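All remarks here apply to the structure that follows.
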Amino acid sequence: MSAANEVRAYQRKEYLLKFLEQDVRPDNRGLGDTREAKLTLGAISTADGSAMVKLGHTVAVCGIKAEITRPPTDKPDSGVIIANVQLPAMCAPEFKSGPPSEKAQVLSDFVQQVLLDTGMIDRTQLCIESGLYCWILYCDVICCNYDGRSLLLTCLFEANF
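Per this note's numbering, the sequence shown starts with residue 3, numbered consecutively.
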């Protein structure tokens, strides 16, 4: 770590310790206080399902599009879910235009795993006719304003899917 980075890390630590000593966060919330969360369903009229979540200053929109496709050959009785999280340059200075950032890719993988591995959605209910037709759900999350609580936001979306 360079000397400049060490100084920044030390200053950040000292900054946060001052707030901890006063039992408040830098935004003056108590240590046990949470940010206000607001969920709006049906936020995108052209999507088959959608929601907008605000958590503090973080705002994200999720749209679901459904199409009919052939089921996977290894799971002929299941539908398909594809998740994608976008963190565009407009949502925070730390994100740049171009290919998806590493954070966006990690969040996309996280959402995909939550949807597929938790049993939150029974993919067999997406089957229309075994081996022939199933639903494919495209779950696209776009962050409009990023203030650092992206994993929590994706969990809120998934809980209301």
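Just so you know, even glycine gets a beta-carbon here, dropped at the ideal spot from N, CA and C. From a predicted model like this one, the values you see are computed outputs, not experimental measurements.
- As DSSP reads the structure, Gln88 sits in a beta bridge with Ile144.
- Between Leu109 and Val87, the CB-CB gap stays under 8 Å.
- By alpha-carbon distance to Thr75, the top candidate from Cys136, Cys145, Arg10 is Cys136.
- Per DSSP, reduced to three states, the secondary structure at Ala49 is coil, with no helix or strand assignment.
- Scanning the region 69-130 from its first residue to its last, the whole beta strand (DSSP E) runs of 3-plus residues come out as 82-88.
- The C-beta distance from Asp149 to Thr60 rounds to 4 Å, short enough to meet the 8 Å contact threshold.
- Less than 8 Å separates the beta-carbon of Leu139 from that of Ile66.
- In this structure, DSSP gives Leu18 a helical state, which the three-state scheme calls helix.
- Put simply, the backbone Cα of Ala5 is about 44 Å away from that of Thr120.
- Relative to the Cα of Ala39, the nearest Cα in the group Asp25, Leu57, Leu33, Ser47 belongs to Leu57.
- As a beta-bridge residue in DSSP terms, Ala62 pairs with Val55, Cys145.
- Burial is judged here by how many other beta carbons sit within 10 angstroms of a residue's own beta carbon; Pro101 has fewer than 16 and is exposed.
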